[in-house]
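Each remark here refers to the structure printed beneath this line.
Number of protein chains: 2
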Amino acid sequence: MKKEKVRERIIRVASDLFYRQGFNSTGINQIIAEADIAIGSLYNHFSSKNDLLQAYLVKEEFEWFKSFEEHSAKVSGPREKIFSLVDYRKKMQLSSKFAGCHFIKIVAEVGDSNPTVSGFVRQHKLKQKEMIRKLVDDYAENENIDEDLVTENIFLLIEGAVVTSMINKNSDSFDQIQKMIEAQMP
Amino acid sequence: MKKEKVRERIIRVASDLFYRQGFNSTGINQIIAEADIAIGSLYNHFSSKNDLLQAYLVKEEFEWFKSFEEHSAKVSGPREKIFSLVDYRKKMQLSSKFAGCHFIKIVAEVGDSNPTVSGFVRQHKLKQKEMIRKLVDDYAENENIDEDLVTENIFLLIEGAVVTSMINKNSDSFDQIQKMIEAQMP
DNA sequence: GTCTATACGGAGATAGAC
DNA sequence: GTCTATCTCCGTATAGAC
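Line by line, the protein sequences give chains A and B. With the UniProt record's numbering, letter number 142 in the first sequence gets 142, and the count goes up by one each step, no holes. With the UniProt record's numbering, letter number 147 in the second sequence gets 147, and the count goes up by one each step, no holes.
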């Protein structure tokens with residue numbers, strides 16, 4: 001196992017804090033304390049706190065798709081992959097104690113004041129939807145369904161479930177949307 | 001028309017800033033500047049910035065239900081009321097330029113660090129769902145549907161549509177869930 | 001009740017020794 | 001490349017005159 005580089009450790013610590021506490025509530029001083037480095041080192045690797053935010057988002061997106069691929073490798077077939085996606089997001093929420101979606105949270109907090117961030121999140125969610133769309137298309141080869149509508153339906157149900165599980169601090173909403181999606185994909 | 005009291009003006013200005021910029025990104029100094037009062041006056045009316053946050057949430061919840069009642073008064077019948085709810089939330093997002101849901105945003109930003117806030121939002125969303133539930137029950141008297149599932153379905157679709165419209169800065173998701181709900185309520 | 005002045009801490013970021 | 005020391009600004013909140 002390779003030794004973790006300083007830059008990687010900074011991103012890892014900052015990501016965790018941004019996610020759990022929020023971006024604005026996380027100070028540079030806290031990051032350097034938890035990463036056990038000096039402030040000079042941080043600014044040697046990142047030009048600003050905003051630069052660190054970008055690295056955070058890039059890393060989270062990369063890991064999102066990578067982790068899902070690993071999670072869904074256990075099953076085969078488009079229908080199973082879609083349920084695996086629901087299960088993946090449920091497991092992520094459980095393991096983070098229902099801290100919510102990285103991308104929704106950062107847009108809700110930073111929002112319009114940072115177009116780079118909101119643009120990145122928009123693209124990320126679009127990629128998610130396109131992934132669902134491919135699975136739905138695969139499935140539709142043998143079933144007569146409205147691919148557009150089913151794709152949007154699944155996507156929006158998952159987004160609603162993630163937000164609701166964050167608010168309620170439980171995973172009930174994921175169990176519910178599973179039933180709803182089952183009804184959409186007989 | 002009654003003259004707006006100082007306290008009301010403070011809440012109005014703070015609410016607008018909290019919603020558009022976020023809670024942490026809004027400073028006391030900005031609030032008093034836009035409300036055109038001195039800092040001493042603010043702390044005469046509110047004991048802290050957190051106190052102001054509470055007032056903001058209480059006001060937004062009150063107006064949420066009041067505005068929806070006015071909006072939905074135009075139509076009658078449970079099915080129509082539900083579509084009126086979708087239309088209400090769509091209109092709210094349009095008029096705020098897709099700034100998102102007050103309650104989701106504040107939980108995403110403040111989250112676990114303020115249990116009073118997260119508890120308030122949880123209760124608020126529960127009230128929304130109970131309102132939907134009553135409408136679904138009314139509708140179910142003449143139709144054979146699974147009330148639990150349909151209620152959750154509508155609720156989660158709306159939450160997903162609100163979040164997605166915030167991210168995409170358009171109201172497409174509301175038009176889509178309308179079709180989906182139509183399919184649920186023949 | 002509203003004002004001005006100010007306390008006090010922490011924010012993000014930089015300088016310069018090593 | 002990493003360190004310590006420090007700069008400047010702005011955050012929330014308080015004191016006390018009027």
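For every residue, glycine included, the Cβ atom is placed at its ideal position computed from N, Cα and C.
Between the beta-carbon of A:F103 and that of A:H124 there is about 5 Å, and that keeps the pair under the 8 Å contact cut.
Straight-line spacing of the CA atoms in A:N44 and B:T26 works out to 30 Å. Using a Cβ-Cβ distance cut-off of 8 Å, the region 44-53 of chain A and the region 12-28 of chain A are in contact, since at least three pairs of beta carbons, one from each stretch, lie closer than that value. With fewer than 16 other Cβ atoms from the protein chains shown falling within 10 Å of its own Cβ, A:A33 counts as exposed. Residue ranges of uninterrupted alpha helix (DSSP H) with 4 or more members, entirely inside the UniProt domain "HTH tetR-type" (4-64) of chain B and ordered along the chain, are 6-21, 28-35 and 39-45. Below the 9 Å Cβ cutoff, chain B contributes Q176, K179, M180 and A183 as neighbours of A:L149, in chain order. Neighbours of B:L85 in chain A, taken as residues at a C-beta separation under 7 Å, are lacking, since the least C-beta distance is about 14 Å.
Straight across, the Cα-Cα distance linking B:F62 with A:N170 is about 26 Å.
When Cβ-Cβ separations below 9 Å define contact, B:M166 makes contact with chain A. Distance from B:L157 to B:I177 at the Cβ level is roughly 4 Å; contact confirmed, criterion being Cβ atoms closer than 8 Å. Look at A:R122: its C-beta is under 9 Å from a C-beta on chain B. Look at A:P78 here: in three-state DSSP terms it is helix. In the structure shown, B:K134 falls within a helical segment according to DSSP collapsed to helix, strand and coil. Flagged as an interface residue toward chain B: A:E152, by a C-beta distance shorter than 9 Å. The distance from the Cβ of A:M166 to that of B:V107 is about 7 Å, consistent with a contact at the 8 Å cut-off.
Nearest to B:L53 by C-alpha distance, out of B:R133, B:R89 and B:R12, is B:R12. Counting the other Cβ atoms within 10 Å of the Cβ of B:S15 gives 16 or more, which makes it buried. Those residues of the region 102-123 of chain A placed with their C-beta closer than 9 Å to a C-beta in chain B are F103, I104, K105, I106, V107, A108, E109, V110, G111, D112, S113, S118, V121 and R122, ordered along the chain.
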